[in-house]
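Quick note: the sequence shown uses the numbering used here, first residue 148, plus one each step. Just so it is clear, CB atoms sit at the ideal spot from N, CA and C, and this is done for glycine as well. These numbers were taken from a predicted model, which means no experiment stands behind them. Report on the structure given below.
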Amino acid sequence: MQTFCISTLGCKVNQYESEQIASLLRSRGLRQVDHPASADLRIVNTCSVTIQAASKSRQTVRQVVRLPILGQSPASNIPDSKASACQRTIVTGCWATSDSEAASKLPGVNAVITHRDDVAQRLEQLIKLWQTEDLHPPKPNTRRTIASHEPSPEPVGDEGWIIQAGTPAAAFTVNNKPHTLNLVNTNLARKHCNLNGFGPGTTTLPLLNDHQQAHQRAFLKIQDGCDAHCTYCIIPNLRPKLWSKPVEDVITEAQSLVDAGHREIILTGIFLSAYGRQTALRRRRSGWAGHSPLGQLIEELCTKVPGLLRLRLSSLEPGDLNNELLSILRAHEQVVPHFHLPLQSGSGHLLHRMNRQYTRDDYLRMIDGLHAAYDRPALTTDIIVGFPGEMDCEFDRTLEVVDRAKFIHIHAFSFSPRPGTAAARWKEDFIHGPIVNERINLLNDIAARHSLAFRQTFLGQKVNLLVERPQEGEPMQHGRCERYFPVYFDSPESLIGRSVDVRIDRINQKRTFGTLV
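Okay, here's the thing in structure tokens:
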């Protein structure tokens with residue numbers, strides 16, 4: 148076993164955790180390749196936030212295990228014991244946790260690792276086991292899937308390790324330090340190993356210290372877990388244990404990412420606003436008046452990480468963007484004026500039914516506060532369309548908030564009755580027919596209109612870009628500005644990864660164009 152490939156579905160947290168898994172495997176001498184057909188270890192990091200995501204995860208696993216290793220001529224598209232002798236497939240992530248039995252029964256799957264496991268430890272054990280098997284192959288037809296509920300294989304000696312010649316020392320990562328009392332959570336991650344049968348999950352995966360693939364912006368996960376139990380959401384069943392990365396680990400990792408060439412870092416988490424908290428439920432928090440652990444962390448990052456040009460927050464719960472946190476964000480120029488603030492619905496009745504922790508008026512006050520604090524803040528959001536009981540009047544209330552906030556992008560998606568959630572039981576209130584698609588199209592049209600008007604206010608002005616890698620066949624270079632929207636420009640030399648200034652001189656419905664200053 149020498150090569151691996153990771154296929155990732157889902158959110159920014161999954162993307163970050165895939166980078167962690169890749170870092171661990173590289174540190175053990177495996178070489179990462181771009182396509183699963185070139186890999187003899189294939190990992191699918193799955194998503195289960197909606198029925199569609201779960202279905203897509205299952206489909207992706209089936210596709211991955213059917214791919215023959217390049218250079219071989221399979222007799223059949225159906226994986227068998229002979230194929231698994233050359234390749235292994237691991238399924239992990241949220242769908243692997245919610246439907247572990249189904250995942251383990253898929254033909255060609257060799258192991259399922261869930262959030263109930265110690266993901267790093269399980270990976271280490273499996274790699275040792277399989278590398279030893281490659282040296283001493285078992286008898287034919289004796290391989291089997293190692294499901295998450297089975298005992299982990301006993302570690303074997305180091306004779307099976309494959310260390311690539313010339314691997315730089317920087318590729319060898321270190322595990323997170325033990326959590327420090329009073330710095331982040333007062334409860335240690337290990338203390339909660341048996342909470343609802345869940346182990347430490349992904350919290351023991353290594354810190355990142357290498358350049359992340361695909362983007363010039365680096366994801367940095369600082370928080371995991373949610374116990375808010377919105378009535379439509381399955382995530383608290385899959386990641387119930389709240390965990391926050393110690394401040395000193397966040398600083399160390401951020402500096403490593405900056406040193407590796409990332410100028411912008413995106414802080415991410417399952418419930419980012421719960422960083423440093425023992426619960427995501429605001430009504431159960433005590434002793435936090437006038438105190439924002441997330442704000443304190445942002446101050447540390449902005450003052451102790453030289454070379455950090457931009458700091459972006461992946462998503463904030465509306466009720467947590469209070470005056471104290473807002474004043475901290477405004478005090479540091481690295482924090483960009485772009486905020487993703489999930490709305491879900493503009494109806495007070497539906498927000499209550501969703502078990503969201505804010506009211507319609509709370510959300511509007513927060514929007515007004517942002518516009519007062521920042522010059523043209525870029526606002527983006529999530530909206531659930533067709534939530535049980537969403538009548539025309541309820542949707543009209545959402546449109547009112549959308550027009551007032553002037554979101555430049557809306558992630559509008561249809562309600563998914565995820566089994567195991569309260570809202571999935573409200574079948575008599577389900578919204579059927581084309582009305583959901585009509586509402587989604589309307590929201591997208593409104594967001595496009597607001598985006599055009601917003602970008603037009605920058606015509607003739609200079610903005611700063613971090614230049615991204617262009618898509619194949621794209622003649623122009625582009626980068627995202629502080630306010631999130633991409634700007635395209637011409638340059639005789641490649642500027643990928645560079646921070647450049649561009650003057651915006653042309654705007655159309657879909658793109659913004661500028662001239663390099």
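Distance between residue j and residue i (C-alpha atoms, nearest Å)
| i | j | result |
| --- | --- | --- |
| Ile190 | Ile153 | 5 Å |
| Ile398 | Ser391 | 13 Å |
| Gly580 | Arg500 | 22 Å |
| Pro465 | Leu490 | 8 Å |
| Asp281 | Glu395 | 40 Å |
| Ile475 | Pro453 | 18 Å |
| Thr662 | Asn611 | 12 Å |
| Gln504 | Thr261 | 29 Å |
| Val406 | Gln363 | According to the sequence as given, residue 406 is Asp; it is not Val. If I take the Cα positions, the gap works out to 13 Å. |
| Ala421 | Ser185 | 40 Å |
| His283 | Leu188 | 18 Å |
| Asp648 | Gln618 | 21 Å |
| Lys388 | Tyr635 | 42 Å |
| Lys657 | Leu613 | 19 Å |
| Gly176 | Asn356 | 16 Å |
| Arg429 | Ser245 | 27 Å |
| Pro633 | Ile654 | 11 Å |
| Ala427 | Ala375 | 6 Å |
| Arg565 | Cys377 | 12 Å |
| Phe542 | Ser561 | 13 Å |
| Ala519 | Phe418 | 26 Å |
| Arg544 | His556 | 18 Å |
| His674 | Pro215 | As displayed, the chain neither begins before 148 nor continues past 664, which places residue 674 out of reach and without an answer. |
| Cys158 | Ser195 | 10 Å |
| Asn470 | His438 | 11 Å |
| Asn584 | Lys368 | 33 Å |
DSSP three-state assignment for residue i, whether helix, strand or coil
| i | result |
| --- | --- |
| Lys252 | helix |
| Ile530 | strand |
| Tyr120 | With the chain represented from 148 up to 664, any question about residue 120 goes unanswered, as that position is not in the structure. |
| Arg572 | helix |
| Ser598 | helix |
| Ala222 | Its pLDDT being 46, under 50, Ala222 is placed unreliably by the model, and the measurement read from it follows with that caveat. Reduced to three states, the DSSP call for Ala222 is coil. |
| Ile668 | Absent from the model: residue 668. The displayed extent of the chain is 148 to 664, so no value can be given. |
| Cys377 | coil |
| His579 | coil |
| Ala525 | strand |
| Val549 | helix |
| Ala559 | strand |
| Asp181 | coil |
| Ile475 | helix |
| Gln370 | strand |
| Ser391 | strand |
| Ile654 | strand |
| Asp89 | Residue 89 falls outside the range modelled here, since the chain spans only 148 to 664, and no answer is possible. |
| Phe554 | coil |
| Asp265 | strand |
| Phe345 | strand |
Status (buried if at least 16 other CB within 10 Å, exposed otherwise) for residue i
| i | result |
| --- | --- |
| Asp550 | exposed |
| Pro440 | buried |
| Cys241 | buried |
| Thr193 | buried |
| Arg512 | exposed |
| Cys373 | buried |
| Gln370 | buried |
| Gly567 | exposed |
| Ala478 | exposed |
| Gln210 | exposed |
| Glu450 | Glu is not the amino acid found at residue 450; the sequence shown has Thr there. With fewer than 16 Cβ atoms within 10 Å of its Cβ, Thr450 is classed as exposed. |
| Leu497 | buried |
| Asn588 | exposed |
| Gly620 | exposed |
| Asn538 | Position check: residue 538 holds Met in this sequence, whereas Asn was assumed. Per the 10 Å Cβ criterion, exposed. |
| Glu480 | exposed |
| Cys540 | exposed |
| Lys609 | exposed |
| Ser641 | exposed |
| Ala336 | Residue confidence for Ala336 is low, a pLDDT of 44 falling below 50, so the modelled location carries little weight; the figure read from the coordinates is stated next. So Ala336 ends up on the buried side. |
Identity of the residues DSSP links to residue i by a beta bridge
| i | result |
| --- | --- |
| Glu615 | His625 |
| Val238 | Val191, Val259 |
| Arg364 | Glu411 |
| Val649 | Val610, Leu663 |
| Gln491 | Ile530 |
| Thr150 | Arg178 |
| Phe486 | Leu526 |
| Thr155 | Asn192 |
Check: residue i C-beta below 7 Å from any heavy atom of the ligand GDP
| i | result |
| --- | --- |
| Gly580 | By its list of ligands, the structure shown contains no ligand whatsoever, and the ligand GDP lies outside what it can speak to. |
Inset, instruction - List in chain order: all unbroken beta strand (DSSP E) runs of 3+ residues lying wholly within the segment 395-469. - result: Runs of the beta strand (DSSP E) lying entirely within the segment 395-469, each at least 3 residues long, are 411-416, 457-460 in chain order.
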